[in-house]
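Data first, discussion second: the structure below is written as structure tokens.
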Amino acid sequence: MKGVILSVNPNAQVVDIAHDIAPQDIEAAAFNLLAAHTSFPAGTIHVAVVDPGVGSNRRAILVEAGEQFFVGPDNGIFSYVCDSAKGDEPSLTVGLRPRAPRVFHLNNPKYFRHPVSDTFNGRDIFAPVAAALSIGVEPKELGVQIDDYARLPPLKAEISRDGVISGRVIHIDHFGNCVTNITAEELTSQMIADGVRVGVCGQQTETFHRFFAAERDNNKLFCVWGSAGFLEIAAKNQSAAKLLQAKRGDSVVITRT
Numbered sequence: 001m002k003g004v005i006l007s008v009n010p011n012a013q014v015v016d017i018a019h020d021i022a023p024q025d026i027e028a029a030a031f032n033l034l035a036a037h038t039s040f041p042a043g044t045i046h047v048a049v050v051d052p053g054v055g056s057n058r059r060a061i062l063v064e065a066g067e068q069f070f071v072g073p074d075n076g077i078f079s080y081v082c083d084s085a086k087g088d089e090p091s092l093t094v095g096l097r098p099r100a101p102r103v104f105h106l107n108n109p110k111y112f113r114h115p116v117s118d119t120f121n122g123r124d125i126f127a128p129v130a131a132a133l134s135i136g137v138e139p140k141e142l143g144v145q146i147d148d149y150a151r152l153p154p155l156k157a158e159i160s161r162d163g164v165i166s167g168r169v170i171h172i173d174h175f176g177n178c179v180t181n182i183t184a185e186e187l188t189s190q191m192i193a194d195g196v197r198v199g200v201c202g203q204q205t206e207t208f209h210r211f212f213a214a215e216r217d218n219n220k221l222f223c224v225w226g227s228a229g230f231l232e233i234a235a236k237n238q239s240a241a242k243l244l245q246a247k248r249g250d251s252v253v254i255t256r257t
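My numbering puts the sequence shown at residues 1 to 257.
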């Protein structure tokens, strides 16, 4: 893929974000894109290939969101980025929200590498399209605009009338920290100061720390605001996910004490 990009644009600067997403794990890829893309400058082109549907009738798409571009399969991998740009989900962008995303079905074979392999669209469609973008080709030349792109379940946590916050584990990182979909928009600093209880997988914690090393007890669960802006459940020097036997999708409920 890098060779294809550099063959079209020898001056392209190629940066690797991650190559350790589990096979077929679209949600993990979507989360990593949401967390990482705001660190890159306007005009960045992200190519994402977690693509269990390669060779099938799933579409290849280009997304323009937050002054950046995203190229890959239409399987939900870009839905968190799109929802954040629209303001429907937690936004990690400082300042004004960007305009609503534009999504294009990539259907112009002029910009593909031929012959197109049924098992490696990353090389033959996504990489050459990204390279074309990098030399100034307009999105409308690459495909037709659509609005029915694939979406994952929304990230937004829910708040009941009595103030109970209902969220879920959306990601478990390399260290076993359980990243939830709860942000400071739902769980404010004043609420934490007044006292709240976080329940997950049959266990509860009322402990909040600013950083991981603050906890003295290795077996005690605590909460910390992660670098992506989401509440995380952690344990010092070990995996909170293993302690909890947690998995992505598990409910997280926050109540006042």
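For every residue, glycine included, the Cβ atom is placed at its ideal position computed from N, Cα and C.
Euclidean distance between Cα positions of residue i and residue j
| i | j | result |
| --- | --- | --- |
| Ala-234 | Ala-157 | 19 Å |
| Asn-121 | Ile-146 | 20 Å |
| Pro-128 | Tyr-111 | 6 Å |
| Leu-106 | Glu-138 | 12 Å |
| Thr-44 | Phe-70 | 8 Å |
| Phe-222 | Phe-208 | 6 Å |
| Val-63 | Val-47 | 10 Å |
| Phe-126 | Val-169 | 30 Å |
| Gln-238 | Asn-32 | 22 Å |
| Ile-21 | Ser-189 | 33 Å |
| Asp-25 | Asn-75 | 11 Å |
| Ile-192 | Val-164 | 13 Å |
| Leu-96 | Pro-115 | Any reading at Leu-96 needs caution, since the residue's pLDDT is 44, under 50, leaving its predicted position unreliable; the model's value is listed next. So the two alpha carbons sit approximately 43 Å from each other. |
| Ile-254 | Leu-187 | 9 Å |
| Asn-81 | Gly-226 | First, the residue type needs correcting, since residue 81 is Val and not Asn in the sequence shown. Cα-Cα distance, rounded: 18 Å. |
| Glu-27 | His-19 | 15 Å |
| Gly-53 | Val-198 | 37 Å |
| Phe-40 | Lys-236 | 30 Å |
| Asp-83 | Asn-9 | 31 Å |
| Lys-86 | Asp-250 | 26 Å |
| Ala-132 | Phe-175 | 38 Å |
| Glu-206 | Ser-166 | 16 Å |
| Thr-257 | Ala-35 | 31 Å |
| Phe-211 | Asn-108 | 49 Å |
| Val-200 | Thr-38 | 29 Å |
Which listed residue (the options) has its alpha carbon closest to that of residue i
| i | options | result |
| --- | --- | --- |
| Ala-241 | Asp-173, Ser-189 and Gln-13 | Asp-173 |
| Val-144 | Pro-109, Val-179, Val-103 and Gln-13 | Val-103 |
| Val-259 | Arg-59, Pro-73 and Ala-36 | Look at the range of the chain in this structure, 1 to 257, and you will see that residue 259 is not part of it. |
| Ala-29 | Leu-142, Leu-231 and His-171 | His-171 |
Bridge partner(s) assigned by DSSP for residue i
| i | result |
| --- | --- |
| Pro-73 | Ala-60 |
| Glu-232 | Val-179 and Val-224 |
| His-46 | Phe-70 |
| Val-198 | Thr-205 and Ile-254 |
| Gly-114 | Looking at the sequence shown, residue 114 is not Gly but His. None; His-114 has no bridge partner. |
Any non-hydrogen atom of the ligand GDP closer than 8 Å to residue i Cβ
| i | result |
| --- | --- |
| Pro-10 | As far as ligands go, the structure on display features none, and thus does not contain the ligand GDP. |
- prompt: Does the segment 149-167 come close enough to the segment 215-229 to have 3 or more Cβ pairs within less than 8 Å?
  reply: no
query: Which residue spans inside the segment 119-174 form an unbroken alpha helix (DSSP H) run of at least 4?
result: 127-134 and 139-142
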